[in-house]
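Here is the structure we will look at.
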Amino acid sequence: MFEKGSVGKLLFKFSVPAIISLLVTELYNMVDTVFVGRHIGGNGIGGLVVVFPIQRIMAAIAMMIALGSSTAIGRSSGEKDYDSVKKIIKNAFSIAIFIVIPLSIILFIFRDNVLRFLGAGDKILPFAHDYLSIILFGSIFQVLTVVIGYMEMSLGNRKILLQSNMTGALTNIFVDYLLVSKFSYGVKGAAIATAISQFIGFLYAYYHFIEVKKKFNLSFGFNFNMPIWNEITTVGFSAFIVEAEDGILIAILNNLLLKNAGDMGVIVLGVISKLSMFMFINMLGMASAMQPIAAYNLGAKKYKRLKEVAKKTIIYSFLTSAGLWAITMIFTPQLLSIYVKDKYILEESVKAFRIMVSIIPLISLYYVSIYYFQALGKAKKSFMVSILRQLIVLLPVSIVLIKVFNLGALAVWISYPISDLISSITAIVMMVKESKKLDKTIEKVEVIEQKKSRAYKGAPVGDDLI
683 MFEKGSVGKL LFKFSVPAII SLLVTELYNM VDTVFVGRHI GGNGIGGLVV VFPIQRIMAA
743 IAMMIALGSS TAIGRSSGEK DYDSVKKIIK NAFSIAIFIV IPLSIILFIF RDNVLRFLGA
803 GDKILPFAHD YLSIILFGSI FQVLTVVIGY MEMSLGNRKI LLQSNMTGAL TNIFVDYLLV
863 SKFSYGVKGA AIATAISQFI GFLYAYYHFI EVKKKFNLSF GFNFNMPIWN EITTVGFSAF
923 IVEAEDGILI AILNNLLLKN AGDMGVIVLG VISKLSMFMF INMLGMASAM QPIAAYNLGA
983 KKYKRLKEVA KKTIIYSFLT SAGLWAITMI FTPQLLSIYV KDKYILEESV KAFRIMVSII
1043 PLISLYYVSI YYFQALGKAK KSFMVSILRQ LIVLLPVSIV LIKVFNLGAL AVWISYPISD
1103 LISSITAIVM MVKESKKLDK TIEKVEVIEQ KKSRAYKGAP VGDDLI
């Protein structure tokens, strides 16, 4: 399928489940925010916003292991090396357990200190404390569900990730409704709903993964193969940064806004970030769907097809992003009103959001470039691009605009389009250079094939072909 199927159809088949899966993953926090915002109010939303960076770190760990292992599985499958596939699967599960469980325990013990560091004021801290104390118990299940889903995708089964996340999300909505709306359990009820839904999603994913387990005759236990751990974490590290930097960014911006705009700045950032996340989903979904296809064709030495995969992913990602951007800009007030009823918060959020996402379609190529370099195994390039937009550009610009120009909350909103423009231009330059390198590789392969063909037919194979 990866080697001979229509590239356009393949991208559609694999990106749609990936996009919907990412959408459903965002629904976990979004649903909690909707119920908390409507039944508790702004301080409840503030509590969830402060916990969001921790949730993002967990999601980042999941994506690092998932994309690192699925890329390695895709490349090994292209080379028909199924013994390596088996080893990669076992080690991926070991990495997830080795990282997530100790991290969850540490965060639970020092949760109040961590929440203060993330920007929780006195009014917001109790809500953040209650929410974090419970959701940490679902973290390992969230990570394992994503890892299983991407492994299945790299082996050709595109539905498991979507189905398991859908199962979890629907459970989350139902339990949120019961515990928050009906029984008034507040933030604790929202957290319980999230933890339960993550466990249910994992059970669904693992049930279907049993088929893969039987196929490869897998026996689980803690596996430590240093070269495989290095490959998974190195290749997946850029995906970790893409996900984690959202959390890191929100944490630092929360602190900046708390000092310069008060709790209201934190609440507005929380509201607009929930909606803006949805604008990245199609980019990330298409890019992550492209990755195993590109990795497979690299392993199979199908370089022309590799170039076609990258080109079509860029085109489709930009067009869909532009359409989604137009709809969101037109209906901003209606979409944000899903989260909040307070008119003042809504008005401020609409203004901030429209500034924040003003040129967002441009960065579709930026995200494609990150995952493309991962697929090629160029971890350093992928890493450098992944930290550019938010950590290298956006954060310093925000700090300068606040500290030097005293723009307050406006500084944060303006910094987004500035960083989007710079990072997009950089990604375009890097992708053009990479495309030229690939063209040279294709030319070399064609020369070798021509020489082999001429030799087979008995024709001379002189230096004129080189």
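Residues 683 to 1148 (the numbering used here) make up the sequence shown, in order. Cβ atoms here follow ideal geometry from the backbone N, Cα and C, with glycine treated the same way.
Through-space distance from residue j to residue i, alpha-carbon basis
| i | j | result |
| --- | --- | --- |
| D804 | I787 | 24 Å |
| F717 | Q880 | 18 Å |
| A1004 | D1102 | 14 Å |
| V829 | V917 | 14 Å |
| D714 | A872 | 5 Å |
| Y998 | Y867 | 44 Å |
| V731 | E927 | 15 Å |
| S766 | E1128 | 30 Å |
| K1134 | R757 | 26 Å |
| I996 | V1050 | 7 Å |
| A887 | S697 | 19 Å |
| G981 | A1057 | 10 Å |
| I702 | F1065 | 26 Å |
| I755 | L885 | 23 Å |
| F1013 | M946 | 23 Å |
| G929 | R738 | 5 Å |
| V1143 | K986 | Low local confidence applies: a pLDDT of 47 at V1143 is under 50, so the model's placement there is unreliable, with the coordinate-based value given in what follows. Cα to Cα, the separation comes out at about 24 Å. |
| F906 | F960 | 37 Å |
| F1087 | L1077 | 15 Å |
| A921 | M848 | 22 Å |
| T1010 | K1060 | 34 Å |
Residue i classed as buried or exposed, judged by whether at least 16 other C-beta atoms fall within 10 angstroms
| i | result |
| --- | --- |
| K984 | buried |
| Q1132 | exposed |
| D1145 | Here D1145 scores only 45 on pLDDT, less than 50, and its place in the model is too uncertain to base an answer on. |
| I1148 | Here the model assigns I1148 a pLDDT of 32, short of 50, so the residue's position is not dependable and the matter cannot be decided. |
| A1008 | exposed |
| D858 | buried |
| L1083 | buried |
| V1039 | buried |
| S1068 | buried |
| E1125 | exposed |
| I878 | buried |
| S863 | exposed |
| F891 | buried |
| G729 | buried |
| K956 | buried |
| D812 | buried |
| F792 | exposed |
CB of residue i within 9 Å of CB of residue j, strictly
| i | j | result |
| --- | --- | --- |
| L1017 | I1110 | no |
| L900 | K1062 | no |
| L826 | A700 | no |
| S958 | I1052 | no |
| Y1054 | E685 | no |
| L749 | Q973 | yes |
| I1081 | L938 | yes |
| N725 | I817 | no |
| I736 | L800 | yes |
| V638 | I1027 | Since the displayed the chain opens at 683 and closes at 1148, residue 638 lies outside it and no answer follows. |
| V782 | I842 | no |
Residue i, enclosing alpha helix (DSSP H) - first and last residue
| i | result |
| --- | --- |
| I954 | G944 to G981 |
| L785 | Y764 to I791 |
| K841 | K841 to D858 |
| E990 | Y985 to I1012 |
| H802 | According to the sequence shown, residue 802 is Ala rather than His. From DSSP, A802 is part of no alpha helix (DSSP H); its letter is neither H nor E. |
| R757 | G724 to G760 |
| V1050 | S1046 to A1057 |
| D812 | L807 to I817 |
Chain B within 9 Å of residue i, Cβ atoms only
| i | result |
| --- | --- |
| S1046 | Reference to chain B is not applicable here, since this structure consists of a single protein chain. |
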